[in-house]
Amino acid sequence: MNNSSDPRRPDREIRYKPPTGTQISAGEDFTPDYMNIIGMIFSMCGLMMRLKWCAWVALYCSCISYANSRMSDDTKQILSSFILSISAVVMSYLQHPTPMIPPWSQYAS
């Protein structure tokens, strides 16, 4: 094939530049940070108020935070949130070893 049948036009090519300014760049994902904070809040509620469902939500949020974290993130903060949520689950079951009753079903009967 000859070059005259090539439909590409090199003079019309525009190199991609990532957007700048107020927009969030593609590399920034705040999900691990939000889940870390939410997990710490729920684990403190689980420890202080002895709510088992708060402790389980904290463990769930900590797992999401760990799964979505990057290698460059602060591992000490993620690990401390994870350990705090595990301790909230353990302490809530050590204080009251009965199975958890979901909060939406305790008023049904």
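First residue of the sequence shown: 1, per the UniProt record's numbering; consecutive thereafter. A virtual CB, placed ideally from N, CA and C, is assigned to each residue, including glycine. The structure presented is a predicted model; accordingly, all values stated were derived computationally and were not measured.
Checklist line | Segment contact flag, the region 58-70 with the region 10-20, C-beta cutoff 8 Å, min 3 pairs | finding: no
Margin query: Less than 8 Å between the C-beta atoms of G39 and S85, yes or no?
Written below: To locate residue 39, count along the sequence shown from 1; it is residue 39. To locate residue 85, count along the sequence shown from 1; it is residue 85. The answer is yes: Cβ separation under 8 Å.
Check: Sorted by chain position, which residues of the same chain lie with C-beta nearer than 6 Å to T31's C-beta, five sequence neighbours on each side aside?
Finding: For the purposes of this step, residue 31 is taken as the residue at position 31 of the sequence shown. The answer, listed in chain order, is N68.
Checklist line | Whole-angstrom C-beta distance between W53 and P103, which should lie under 8 Å | finding: Residue numbering aside, residue 103 sits at position 103 when the sequence shown is read from its first letter. Residue numbering aside, residue 53 sits at position 53 when the sequence shown is read from its first letter. Indeed they touch by this definition, with Cβ atoms about 6 Å apart.
Checklist line | T31: first and last residue of the uninterrupted alpha helix (DSSP H) it sits in | finding: Numbered from 1 along the sequence shown, position 31 holds the residue referred to as residue 31. Residues T31 to M49.
Note to self: Measuring only the C-alpha atoms, how far is M49 from I64?
What the structure shows: On the sequence shown, residue 49 is found 49 positions in, with the first residue counted as 1. On the sequence shown, residue 64 is found 64 positions in, with the first residue counted as 1. Approximately 23 Å between the Cα atoms of the pair.
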